[in-house]
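In what follows, a structure is listed as structure tokens, so that the remarks can point back to it.
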Amino acid sequence: QLPLKKGDGLFFNPALFHAAGNNVTQDHVRTANLLQVSSAFGKTMEKVNHVKVMEAIYSTLLSKPLSDEQRQAVVAASGEGYSFPTNLDTDPPLGGLVPKTQQQLLLEALQQGWSADEFSRQLANHESKRKA
3 QLPLKKGDGL
13 FFNPALFHAA
23 GNNVTQDHVR
33 TANLLQVSSA
43 FGKTMEKVNH
53 VKVMEAIYST
63 LLSKPLSDEQ
73 RQAVVAASGE
83 GYSFPTNLDT
93 DPPLGGLVPK
103 TQQQLLLEAL
113 QQGWSADEFS
123 RQLANHESKR
133 KA
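Residues 3 to 134 in the numbering used here are what the sequence shown lists, from first letter to last.
Here it is, written out as structure tokens:
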């Protein structure tokens, strides 16, 4: 047990101090948020299905006029912006130092006006290249 006050931060290795399971404590009011980060690059241990998120919002993004700043914010919130993990044999960096990210693919699709079906096909291809 570690007494914490509002505003305190706590950093620890979740592999050492945390295990999977349910919080069934009934006699405490939880007032803290736990963000588990599993690497120095800020990749969380939990996984959001970014493919589903991007497919769900693509048609709206394509049809809704947004400023560049607004578009960048939506793209940053919906797609992976980090190229790894990936399979460099099937997903080599073309024209850059790292392979294309989901965010870059989404921006390319919006700029070129791909249909939702074409975007889904390209996104599925992008994801399949990343698998080991």
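Note that the Cβ used here is the ideal one computed from N, Cα and C, for glycine as well.
Where residue i falls: helix, strand or coil (DSSP)
| i | result |
| --- | --- |
| Q113 | helix |
| E71 | helix |
| F19 | Below a pLDDT of 50, predicted positions are generally treated as unreliable, and F19, at 48, falls in that range; the measurement from the model is reported next regardless. The answer is helix: DSSP assigns F19 an H, G or I state. |
Cβ neighbours of residue i in the same chain (closer than 6 Å, five flanking residues each side left out)
| i | result |
| --- | --- |
| N108 | Here residue 108 turns out to be Leu, not Asn, going by the sequence shown. So the qualifying residues of the chain are M56, V77 and G81. |
| A135 | Past the boundaries of the shown model lies residue 135; the chain is included only from 3 to 134, so the question cannot be answered. |
| A134 | N89 |
Cβ-Cβ separation, residue j to residue i (assumed contact under 8 Å), whole Å
| i | j | result |
| --- | --- | --- |
| N89 | R123 | About 19 Å; that fails the 8 Å criterion. |
Whole-angstrom distance between residue j and residue i, CA atom to CA atom
| i | j | result |
| --- | --- | --- |
| D70 | F121 | 20 Å |
| L96 | T103 | 12 Å |
| S61 | D119 | 10 Å |
| E1 | F86 | Nothing in the structure corresponds to residue 1, since the chain is present only between 3 and 134. |
| G11 | G115 | 44 Å |
Same chain only: Cβ atoms within 8 Å of residue i, ignoring 5 sequence neighbours per side
| i | result |
| --- | --- |
| I59 | V76 and S80 |
Buried or exposed by the 16-neighbour rule on C-beta atoms within 10 Å, applied to residue i
| i | result |
| --- | --- |
| D93 | buried |
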